[in-house]
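Participant: UniProt numbering numbers the first residue of the sequence shown as 1 and each following residue consecutively.
All residues carry an ideal CB built from backbone N, CA and C; glycine is no exception.
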Amino acid sequence: MSRAPRRRGRSTDSTSSAVASPGTNPHPTADDAARAGSASIKLSYAEKVRDLLRESLMDAAAEALATNSWTATRMADIAAAVGVSRQTVYNEFGNKDDLGRALLLRESGRFLGEVEAALDEHPHDAIAGLSAALEVFLRRTEQEPLLRAIIGGGDGEHSDLGPLLTGQGATVLPFITARLSARFQQHWPKSDDGRVHAYADAVVRLAVSHVVFPMADPATTAAQVTSIFAPYLSDLTKR
Numbered sequence: 001m002s003r004a005p006r007r008r009g010r011s012t013d014s015t016s017s018a019v020a021s022p023g024t025n026p027h028p029t030a031d032d033a034a035r036a037g038s039a040s041i042k043l044s045y046a047e048k049v050r051d052l053l054r055e056s057l058m059d060a061a062a063e064a065l066a067t068n069s070w071t072a073t074r075m076a077d078i079a080a081a082v083g084v085s086r087q088t089v090y091n092e093f094g095n096k097d098d099l100g101r102a103l104l105l106r107e108s109g110r111f112l113g114e115v116e117a118a119l120d121e122h123p124h125d126a127i128a129g130l131s132a133a134l135e136v137f138l139r140r141t142e143q144e145p146l147l148r149a150i151i152g153g154g155d156g157e158h159s160d161l162g163p164l165l166t167g168q169g170a171t172v173l174p175f176i177t178a179r180l181s182a183r184f185q186q187h188w189p190k191s192d193d194g195r196v197h198a199y200a201d202a203v204v205r206l207a208v209s210h211v212v213f214p215m216a217d218p219a220t221t222a223a224q225v226t227s228i229f230a231p232y233l234s235d236l237t238k239r
């Protein structure tokens with residue numbers, strides 16, 4: 001039986017069969033690698049600069065809201081506080097309402113981070129964790145008018161933020177509930193997910209009612225609300 005003639009030429013081994021794209025060097029040098037790395041670093045730097053700009057603009061908007069209503073807050077003033085043109089602000093956020101929504105969501109996220117941190121300090125005591133988290137929730141909203149407006153739906157000093165919250169389809173409360181529900185599930189992985197979500201929803205709604213209509217200091221209210229939920233919570237988290 002005759003053998004097929006052996007083909008001459010380059011090996012078809014995977015290490016040598018790569019075909020270079022037109023205009024590229026099939027054997028990149030150290031300089032080529034350096035140039036590629038430089039391009040990725042530049043992109044990362046540009047993204048960081050943009051993130052910093054957006055954060056600075058939201059900081060300026062938050063500072064303006066400390067002394068003015070949202071209606072009286074001007075894009076030109078926000079731009080001037082950061083040292084950029086008004087057009088730059090529009091380029092980043094589209095319009096004033098979009099800037100406001102971005103600020104509200106950012107502040108909501110930061111606020112929830114503090115609430116979650118209080119909860120995390122008591123990983124093995126669900127009742128103590130609830131009490132600590134509720135006290136942070138109530139105390140921070142008592143101290144910060146902007147947070148109180150976000151949680152209370154735009155009531156009080158910043159009632160003109162209400163349309164922004166409504167324009168988001170009232171997403172702030174579901175956002176808070178979903179975040180806390182996910183955190184509870186991390187702490188109690190063996191608990192029923194549906195019951196955990198229902199518990200989170202009830203806690204958030206009751207906490208919000210105390211933000212809108214406070215009846216006592218945060219510590220007292222947190223203790224009272226915790227005592228109401230304690231029996232259910234004990235059953236929910238039992239191993």
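Taking the alpha helix (DSSP H) that N91 falls in, what are its first and last residues?
Facilitator: Your numbering for residue 91 matches position 91 in the sequence shown. Residues R86 to F93.
Participant: Compute every distance between the C-beta of A79 and the non-hydrogen atoms of the ligand SAM, then say whether any falls below 8 Å.
Facilitator: Although the ligand SAM was asked about, the structure shown includes no ligands whatsoever.
Participant: Tell me the rounded alpha-carbon separation between V203 and G83.
Facilitator: In the sequence shown, counting from the first residue as 1, residue 203 sits at position 203. In the sequence shown, counting from the first residue as 1, residue 83 sits at position 83. Roughly 43 Å between the two C-alpha positions.
Participant: List the endpoints of the continuous alpha helix (DSSP H) containing D235.
Facilitator: Numbered from 1 along the sequence shown, position 235 holds the residue referred to as residue 235. From DSSP, the alpha helix (DSSP H) with D235 extends over P218 to T237.
Participant: Cutting at 8 Å between CB atoms, please list the residues of its own chain near P123, excluding the five before and the five after it.
Facilitator: Here residue 123 refers to the residue found at position 123 of the sequence shown. Taken in chain order, the residues that qualify are G129 and H187.
Participant: Do you know offhand how far A223's Cα is from T73's?
Facilitator: Counting from 1 along the sequence shown, the entry for residue 223 is found at position 223. Counting from 1 along the sequence shown, the entry for residue 73 is found at position 73. Spanning the two alpha carbons is a distance of roughly 38 Å.
Participant: Quick test of your reading: A200 and F213, contact by CB under 8 Å. State the CB separation rounded to the nearest angstrom.
Facilitator: On the sequence shown, position 200 is the one that residue 200 refers to. On the sequence shown, position 213 is the one that residue 213 refers to. 21 Å between Cβ atoms; not a contact.
Participant: In whole angstroms, what is the alpha-carbon distance linking E121 and S85?
Facilitator: Taking the sequence shown and counting its residues from 1, one reaches residue 121 at position 121. Taking the sequence shown and counting its residues from 1, one reaches residue 85 at position 85. Each residue's alpha carbon lies about 44 Å from the other.
Participant: Determine the extent of the alpha helix (DSSP H) in which K190 is found, giving its start and end residues.
Facilitator: For this step, residue 190 is matched to residue 190 along the sequence shown. Taken as a continuous stretch (DSSP letters only), K190 belongs to no alpha helix (DSSP H), as it is neither H nor E.
Participant: Between which two residues does the alpha helix (DSSP H) carrying M75 extend?
Facilitator: The residue you call residue 75 lines up with position 75 of the sequence shown. Residues M75 to V82.
Participant: In whole angstroms, give me the CA-to-CA distance for G194 and K238.
Facilitator: As a first step, residue 194 is located in the sequence shown; it is residue number 194 there, counting from the start. As a first step, residue 238 is located in the sequence shown; it is residue number 238 there, counting from the start. Cα-Cα distance, rounded: 16 Å.
Participant: For residue 323, report the span of its alpha helix (DSSP H) as first-last.
Facilitator: A query on residue 323 cannot be resolved here, the shown segment of the chain reaching from 1 to 239 and no further.
Participant: Going straight from the alpha carbon of R101 to that of S69, what length do you get?
Facilitator: Position 101 of the sequence shown, counted from the first residue, corresponds to residue 101. Position 69 of the sequence shown, counted from the first residue, corresponds to residue 69. Straight-line Cα distance between these residues: approximately 15 Å.
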